[in-house]
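Have a look at the structure below, then the notes.
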Amino acid sequence: MNLSSYNPWMDFDSLHRAIDELFNQFSDRPTSDVEEISTGYPPADIKETKDNFFITAELPGLRREDVKISMSDKTVTISGEKKADAAKEEERRHRSERMYGTFQRSFSIPANIDQNHIKANFKDGVLTIKLPKTEESKPKQIAISVS
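Okay, so the sequence shown: first residue is 2 according to our numbering, each after it adds one.
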């Protein structure tokens, strides 16, 4: 007869992980006027100044030529592909947590963007996109006349 130990908490651990994963799906909601159209990879920050929006995305392990940026109306899309390392025959993989494959993430920007002056910089696995606002999107000061 074989004896095996029983851990009564094991079922609760897997339930706890499943609930955590469920709630993590909802915690990815945008917290500003910038609407996220797709979810997931790459993680990104969006900042706004008086004149510009900035999208900063982490893309470790990618090269500039692996990433594409497109803009349509008020939607900015970052897409690309991260290729997996070729497995060597003598290697046995114990864990694989890094993400590979194609990705696409889109953001809806709530202001008109001057598409002729968008700039993108990619350095050390970080992509920064500068999206200048058009003149009509910038805040305006209104003079008050005295009667």
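For glycine and all other residues, C-beta sits at the position ideal for the given N, C-alpha and C.
Quiz item: Residue range of the beta strand (DSSP E) that GLU82 falls in?
Solution: In the sequence shown, counting from the first residue as 1, residue 82 sits at position 81. Where GLU82 is concerned, the enclosing beta strand (DSSP E) stretches over 76–83.
Exercise. Tell me whether LYS134 is buried or exposed, calling it buried when 16 or more other Cβ atoms sit within 10 Å of its Cβ.
Key: For the purposes of this step, residue 134 is taken as residue 133 along the sequence shown, with counting starting at 1. It counts as buried.
Exercise. Give the secondary structure of ASN113 by DSSP, where H, G and I count as helix, E and B as strand, and everything else as coil.
Key: Working through the sequence shown from its first residue, we reach residue 113 at position 112. Residue state, collapsed to three classes: coil.
Quiz prompt | Cβ-Cβ distance between SER109 and LYS75 below 7 Å | solution = As a working note, residue 109 is residue 108 in the sequence shown. As a working note, residue 75 is residue 74 in the sequence shown. Less than 7 Å divides the Cβ of SER109 from the Cβ of LYS75.
Practice problem: Could you check if GLY81 is buried or exposed, using at least 16 other CB atoms within 10 Å of its CB as the buried criterion? | Solution: Taking the sequence shown and counting its residues from 1, the one referred to as residue 81 is at position 80. Burial check for GLY81: the Cβ neighbour count within 10 Å reaches 16 or more, so the residue is buried.
Self-check item: Exposure label - ILE20; buried when at least 16 CB within 10 Å
Solution: Here residue 20 corresponds to residue number 19 of the sequence shown, with the count starting at 1. Residue burial annotation: ILE20 is exposed, with fewer than 16 other C-beta atoms found within 10 angstroms of its C-beta.
Practice problem: Would you mind working out which of ALA88, ILE114, LYS124 and THR78 sits nearest GLU59, comparing C-alpha positions? | Solution: Residue 59 sits at position 58 when you count from the first residue of the sequence shown. Nearest of ALA88, ILE114, LYS124 and THR78 to GLU59, Cα basis: LYS124.
Quiz item: Counting pairs of Cβ atoms below 8 Å between the stretch 41–60 and the stretch 97–112, do you hit three or more?
Solution: A contact exists between the stretch 41–60 and the stretch 97–112.
Quiz item: Which one or two residues does DSSP pair with GLY102 in a beta bridge?
Solution: As a working mapping, residue 102 is identified with position 101 in the sequence shown. Bridge partners of GLY102 according to DSSP: LYS83.
Practice problem: Measuring alpha carbon to alpha carbon, tell me which of THR57, TYR101 and ILE70 ends up nearest GLN116. | Solution: Taking the first residue of the sequence shown as position 1, residue 116 is located at position 115. Nearest option by C-alpha distance: ILE70.
Practice problem: Spatial neighbours of VAL68 within its chain, please: CB distance less than 8 Å, with the 5 preceding and 5 following residues excluded, ordered by chain position. | Solution: In the sequence shown, residue 68 corresponds to position 67, counting from 1. Setting aside the 5 residues that flank it on each side, VAL68 is surrounded in the same chain by LEU60, ILE79, SER80, GLY81, PHE123 and LEU128, each with a C-beta closer than 8 Å to its C-beta; the list follows chain order.
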